[in-house]
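Undergrad:
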Amino acid sequence: CTCNHLTSFGGSFFVAPNPIDLAQVWIAFQNPEDNIPIIVTMTTVMGVFLLVLIWARRADSKDEAHQNSIVMMQNNGVTKSYNYMVTIRTGQRRDAGTTANVFLALSGDVSESGVIPISTTTGAKFNRGSSIDTTVCLPMNLGSLLYIHIWHDNQGQSPAWFLDDVTIRNLQTGGQWNFVCDRWIAVENEECRTDVILYAASQAELNNYTRIFVKKTSNDLYDGHLWFSVVAKPPTSSFTRVQRCCCCLSLLFCTMVTSCMFYNIKGAADDSIIMIGPIKLSLREIVIGAQSGIIVFPMNFFIVFLFRKSMEAREKLDEPSKLTKKLRAGKFAFFYNECFESNGASRRMCRSGVFKGQVLYFLAWFLCIATSFASAVVTIMYSLMWKADISEKWCVSFFLSFIEDAFLIQPIKVALLAALLAFVIKETKKRKKNNYETLRNGDTDNFLDDTSEKGSEESAKVTNERRPPNRNFLENARRMRIKQIKTNQVVKDVLFYVQSAKTKCACYPSFSLNHEDKDFYKPGWEPLDPGTDRNNVSFEECPQHWRYQSARDLNGLPVWGVTNIYPGGGYVAELGYYPAKAYQVLDELYSNSWIDRHTRAVLLEFVVYNAQQNLFSAVTILVEFLPMGGMIPYSKIDTVRVYRYVNTYSTLLIASEIIIVLVIIGSLYLLIKRIYKQRTLFFKYFWNWVDIFQVLFGLASISMYFIKLASIQTTMKDLKLNPLVFVNFQVTVFLNDVDACLVAAVVFLTTIKFLRLLKYQAYIKLLDNVFARFSTDMSWFMVEFTMWLMPFVIFENIVFGTKLEDFHTILSSFQSSLNALLGSTYYNDLKDGDRVMGPLLFVGFNILVVFILLNIFISIINASFQR
Numbered sequence: 001c002t003c004n005h006l007t008s009f010g011g012s013f014f015v016a017p018n019p020i021d022l023a024q025v026w027i028a029f030q031n032p033e034d035n036i037p038i039i040v041t042m043t044t045v046m047g048v049f050l051l052v053l054i055w056a057r058r059a060d061s062k063d064e065a066h067q068n069s070i071v072m073m074q075n076n077g078v079t080k081s082y083n084y085m086v087t088i089r090t091g092q093r094r095d096a097g098t099t100a101n102v103f104l105a106l107s108g109d110v111s112e113s114g115v116i117p118i119s120t121t122t123g124a125k126f127n128r129g130s131s132i133d134t135t136v137c138l139p140m141n142l143g144s145l146l147y148i149h150i151w152h153d154n155q156g157q158s159p160a161w162f163l164d165d166v167t168i169r170n171l172q173t174g175g176q177w178n179f180v181c182d183r184w185i186a187v188e189n190e191e192c193r194t195d196v197i198l199y200a201a202s203q204a205e206l207n208n209y210t211r212i213f214v215k216k217t218s219n220d221l222y223d224g225h226l227w228f229s230v231v232a233k234p235p236t237s238s239f240t241r242v243q244r245c246c247c248c249l250s251l252l253f254c255t256m257v258t259s260c261m262f263y264n265i266k267g268a269a270d271d272s273i274i275m276i277g278p279i280k281l282s283l284r285e286i287v288i289g290a291q292s293g294i295i296v297f298p299m300n301f302f303i304v305f306l307f308r309k310s311m312e313a314r315e316k317l318d319e320p321s322k323l324t325k326k327l328r329a330g331k332f333a334f335f336y337n338e339c340f341e342s343n344g345a346s347r348r349m350c351r352s353g354v355f356k357g358q359v360l361y362f363l364a365w366f367l368c369i370a371t372s373f374a375s376a377v378v379t380i381m382y383s384l385m386w387k388a389d390i391s392e393k394w395c396v397s398f399f400l401s402f403i404e405d406a407f408l409i410q411p412i413k414v415a416l417l418a419a420l421l422a423f424v425i426k427e428t429k430k431r432k433k434n435n436y437e438t439l440r441n442g443d444t445d446n447f448l449d450d451t452s453e454k455g456s457e458e459s460a461k462v463t464n465e466r467r468p469p470n471r472n473f474l475e476n477a478r479r480m481r482i483k484q485i486k487t488n489q490v491v492k493d494v495l496f497y498v499q500s501a502k503t504k505c506a507c508y509p510s511f512s513l514n515h516e517d518k519d520f521y522k523p524g525w526e527p528l529d530p531g532t533d534r535n536n537v538s539f540e541e542c543p544q545h546w547r548y549q550s551a552r553d554l555n556g557l558p559v560w561g562v563t564n565i566y567p568g569g570g571y572v573a574e575l576g577y578y579p580a581k582a583y584q585v586l587d588e589l590y591s592n593s594w595i596d597r598h599t600r601a602v603l604l605e606f607v608v609y610n611a612q613q614n615l616f617s618a619v620t621i622l623v624e625f626l627p628m629g630g631m632i633p634y635s636k637i638d639t640v641r642v643y644r645y646v647n648t649y650s651t652l653l654i655a656s657e658i659i660i661v662l663v664i665i666g667s668l669y670l671l672i673k674r675i676y677k678q679r680t681l682f683f684k685y686f687w688n689w690v691d692i693f694q695v696l697f698g699l700a701s702i703s704m705y706f707i708k709l710a711s712i713q714t715t716m717k718d719l720k721l722n723p724l725v726f727v728n729f730q731v732t733v734f735l736n737d738v739d740a741c742l743v744a745a746v747v748f749l750t751t752i753k754f755l756r757l758l759k760y761q762a763y764i765k766l767l768d769n770v771f772a773r774f775s776t777d778m779s780w781f782m783v784e785f786t787m788w789l790m791p792f793v794i795f796e797n798i799v800f801g802t803k804l805e806d807f808h809t810i811l812s813s814f815q816s817s818l819n820a821l822l823g824s825t826y827y828n829d830l831k832d833g834d835r836v837m838g839p840l841l842f843v844g845f846n847i848l849v850v851f852i853l854l855n856i857f858i859s860i861i862n863a864s865f866q867r
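Quick note: the sequence shown uses UniProt numbering, first residue 1, plus one each step.
The structure is reproduced here in structure tokens:
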């Protein structure tokens, strides 16, 4: 071997992190618009963090009421007492807690305790994951416990209860018994029971593999897994959700830093790849993973460790025990002072423990905030140096890998580790040790002598009156609960419906101009071959019916339907002049599904000519297809007189049109002359504006007249060249309608000016005075009239909206009601729509609105006229 250096393999074992060029970072910092991805990413992460933090704080406030609680229960009037600590644990499953009242009865080889009401006396709440510690004082020793009888009264909104286990400890002798349940106590179960008898568990039952595996897995996921525990933290855990949320932020930012440090920017290939079947392992990836773990794991593990230890220290050392904390309050204070606070060194140890807990607590917060801030700053510096392209790629790769690791790989690792530990460990998992003191009989005797003399009214009395609910009550409760479950399941099925049929399921939207199909197709809506030039495609490959034609190609205009506005273009099929040709075209269209689920509107257009009346009628029949599958028909007939000067009155018509043109030109001359004389003063008067618009509309009508004549000539020329081909009259009809509107505007303004000339006539002046007098009364009458009319309008729309077109909307119902006031009758239509409600509506409307309200309207006019 002639190698004299170790550079190639020794230097590449440890992967150096990507360097940070501070000068380049400073330049990029001055141009934040070039680094939008990282700004959006960091802002989103912090925004989500703040929202989760607010939710976590509220959840912590609720968990504070569900912490491990100790409640004291005693039996008054006894001179000797045996004390038992009863610990009841609720499972971690969803909705495992109960709102019902819980009762307990203990049975030993010597005696029985009778019924012990837990919830009704102590106010204990059995929430999900809770652990309730209850001290029970009994007048006799039960001996070795054989079994317990525990039940609830099935009260409250959520009485179902998943009981985990019950642990009972004799505080005098130190004896302990475990009772395993691990099942639901609810009426919806097959047994339909709210009570259960649990026998003392043997060592083999406590060491059951399945039980240990489930407990280990649930505990590691709900309490040990940092991300899952933010949502599913046990209420008994002192490691709060807020602290877990902040630790998650620190872990996320630290992971982001390590990802930036070893991100392969240039995409360098790694030659050291090991193939193990389908798995590829790279030495570079292994080294980077180890280096990242060394950077991220110790600090975040230490922060979590400090939080847990600080809370445990504050819990354990703030008081000698949870029991003595309860004894210290109220009438138990003397007992606490005699039995537990006689040693001054113990008090000093408490204060020292609290101080240590506070130091650890603040140190954990400092490290968490400092780590998060420093990691975020370094991540931003890397992204500023990389620019937008590399930052986007890094963000996508990082979050995909992070989500995969946190929510897929880590839970699998937790389950595998729990399975391994449950197999190896053959003894029951030790729970967190409680500092429950073993009391001396003499101490309890003195304690109960005093309490029996005082006769505490708040203490719970052991009673035999509350027994499990009877069978009839449970059966009724079971039927009601099953109905609730089925109702909830129906709601879930409606909200989260899953398509299970083995067919294609597609949603088709309504028509939109932006999504209009304009491609060429083969028959049957088959796409053309790739690379086909649509301008040179043959009619054999793509017939005329399957080619999109624009509105300009068809000489058409948009069509206003009921639900939408459709452009003048589309796929056109000409039916021809003869019926045989029409049937042939229709058969071809039907066989190739020319109308399918994607069709949104079909228009049938044709033109008829009445030679006797010299009228052309352009007929448009529109059928709109709704996305849900329904159809809405709509028809329109426009009649046009194309040949205006072919009858006996043509000379008079031409003369009248020439006179109108001369009058409009003369009015224009006079208007210009007045404007020239009065200048700006001319535009201050309303009637001058009427003259201006009258002349403008007149000139527009003359221009539109000649435009319409040119369109008519072009249309008739096309019709004469090929009478067997369809000629579109849409443009001609549209110009005729515009011309009619302009003429109507001129006539309207002329009528207004004519009425102005009549204002000094006696009757017109009288009418004007009457209008001025009843304006106030009429305003209030119109308000009342609308209030009486709208119930009829709404009723018509609800009852007849799906049956009669005149009432299909609120607006159309309102129009139809006003038409009825003017004399139109809808009796036959209403009767056909509903044989009972139709006539009743017609009679009620005419009596109330027509006879009564219209007579009130006339009375107001008469009263104003007399005044």
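Even for Gly, the Cβ is constructed at its ideal location relative to N, Cα and C.
Ignore the nearest five residues each way along the sequence and tell me which others in Phe-814's own chain have a CB closer than 7 Å to its CB.
TA: Around Phe-814: Val-793.
Undergrad: How about Ile-295 and Cys-368: are their beta carbons less than 8 Å apart?
TA: Not in contact: Ile-295 and Cys-368 (Cβ atoms no closer than 8 Å).
Undergrad: Mind checking whether Met-716 and Val-661 have CB atoms under 8 Å apart?
TA: No, these two residues do not count as a Cβ contact at 8 Å.
Undergrad: Phe-625: which of Tyr-645, Tyr-649, His-598 and Gln-612 sits nearest, CA to CA?
TA: Looking at the Cα atoms, His-598 is the closest of the given residues.
Undergrad: Who does His-149 pair with in a DSSP beta bridge?
TA: Answer by DSSP bridge pairing, in chain order: Ala-105 and Ile-197.
Undergrad: Please report the residue range of the beta strand (DSSP E) in which Ser-113 lies.
TA: That run of the beta strand (DSSP E) goes 112 to 117.
Undergrad: What residue ranges within the segment 645 to 689 form continuous alpha helix (DSSP H) runs of no fewer than 4 residues, ordered along the chain?
TA: Qualifying alpha helix (DSSP H) stretches, in chain order: 650 to 678.
Undergrad: I'd like to know whether the C-beta atoms of Leu-306 and Ala-364 end up nearer to each other than 8 Å.
TA: Yes; because the gap between Cβ atoms is below 8 Å, this pair is in contact.
Undergrad: Give me the Cα-Cα distance between Ile-847 and Tyr-669, rounded to the nearest whole angstrom.
TA: When rounded, the distance between both Cα atoms is 57 Å.
Undergrad: Below 6 Å CB to CB, which residues in the same chain sit around Phe-253 once its five sequence neighbours on both sides are set aside?
TA: If we look at Phe-253 and ignore the five residues flanking it on each side, its Cβ neighbours are Ser-372, Ser-375 and Ala-376.
Undergrad: What does the alpha-carbon distance come out to for the pair Gln-489 and Lys-483?
TA: Answer to the nearest angstrom: the Cα atoms are 10 Å apart.
Undergrad: So, are the CB atoms of Phe-785 and Leu-853 less than 8 Å apart?
TA: Yes.
Undergrad: Could you pull out every unbroken alpha helix (DSSP H) segment of at least 4 residues lying fully inside the segment 526 to 561, listed in chain order?
TA: You should have 551 to 554.
Undergrad: Let's see if you can read the secondary structure: which residues bound the alpha helix (DSSP H) around Tyr-763?
TA: Here the alpha helix (DSSP H) through Tyr-763 covers 762 to 773.
Undergrad: Please report the distance separating the alpha-carbon of Ile-637 from that of Ile-672.
TA: In a straight line, the C-alpha of Ile-637 is about 42 Å away from that of Ile-672.
Undergrad: For a test of the three-state rule: what should DSSP assign to Phe-262, helix, strand or coil?
TA: Phe-262: coil per DSSP, three-state reduction.
Undergrad: Under 8 Å, do Tyr-147 and Ser-107 count as touching if we go by C-beta distance?
TA: Contact flag set, yes.
Undergrad: Between which two residues does the beta strand (DSSP E) harbouring Met-85 extend?
TA: Looking at the DSSP string, the run of the beta strand (DSSP E) that includes Met-85 is 82 to 90.
Undergrad: Since Pro-633 contacts Val-619 with CB under 8 Å, what's their CB separation in whole angstroms?
TA: Rounded, the Cβ-Cβ distance is 13 Å, inconsistent with contact.
Undergrad: Since Val-230 and Val-52 should fall inside the 8 Å C-beta cutoff, what is the C-beta to C-beta distance between them, to a whole number of angstroms?
TA: Going by Cβ atoms, the distance from Val-230 to Val-52 rounds to 7 Å, so yes, they are a contact pair.
Undergrad: Is it buried or exposed for Cys-181, if we count other Cβ within 10 angstroms and need 16 for buried?
TA: Answer is buried; the Cβ neighbour count reaches 16.
Undergrad: Taking contact to mean at least 3 C-beta pairs separated by less than 8 Å, is the segment 793 to 811 in contact with the segment 824 to 833?
TA: Touching, yes, given that three or more Cβ pairs across the two stretches are closer than 8 Å.
Undergrad: Taking just the CA atoms, how far does His-152 sit from Asn-101?
TA: Their backbone Cα atoms lie some 5 Å apart in a straight line.
Undergrad: State the Cα-Cα distance for the pair Val-836 and Ile-856, rounded to the nearest angstrom.
TA: Distance between the alpha carbons of Val-836 and Ile-856 is about 29 Å.
Undergrad: Can you pull the DSSP bridge partners for Ile-794?
TA: Bridge partners of Ile-794: none, in fact.
Undergrad: If I follow the unbroken beta strand (DSSP E) through residue 898, where does it start and stop?
TA: Here the chain has residues from 1 to 867 only, and residue 898 is not among them.
Undergrad: Have a look at Leu-758 and Phe-865 and give me their C-alpha separation to the nearest angstrom.
TA: When rounded, the distance between both Cα atoms is 20 Å.
Undergrad: By how many angstroms is the C-alpha of Glu-574 removed from the C-alpha of Trp-560?
TA: The alpha-carbon atoms of Trp-560 and Glu-574 are separated by roughly 22 Å.
Undergrad: If you measure between the beta carbons of Ala-200 and Trp-177, is that distance less than 8 Å?
TA: Their beta carbons are under 8 Å apart, which means Ala-200 touches Trp-177 by this criterion.
Undergrad: Applying the 10 Å Cβ sphere with the 16-neighbour rule, what's the burial state of His-515?
TA: Looking at its Cβ environment, which holds fewer than 16 other Cβ atoms inside 10 Å, His-515 is exposed.
Undergrad: Quick one: is Gln-584 buried, meaning 16 or more other Cβ sit within 10 Å of its Cβ, or exposed?
TA: It is exposed - the Cβ of Gln-584 has fewer than 16 other Cβ atoms within 10 Å.
Undergrad: Would you call the CB atoms of Asp-164 and Thr-217 closer than 8 Å?
TA: Not closer than 8 Å, so no.
Undergrad: Fully enclosed by the segment 711 to 771, which alpha helix (DSSP H) runs are 4 residues long or longer?
TA: Counting only runs of 4 or more, we get 730 to 757.
Undergrad: Please state the DSSP three-state secondary structure of Val-572.
TA: If DSSP states are grouped into helix, strand and coil, Val-572 belongs with coil.
Undergrad: Nearest CA to the CA of Thr-87: which residue from Phe-301, Val-136, Met-46 and Asp-768?
TA: Per the Cα distances, Val-136.
Undergrad: Looking at C-alpha atoms only, which residue of Phe-851, Phe-795, Thr-41 and Pro-19 is the closest neighbour of Lys-393?
TA: The option with the nearest alpha carbon to Lys-393 is Thr-41.
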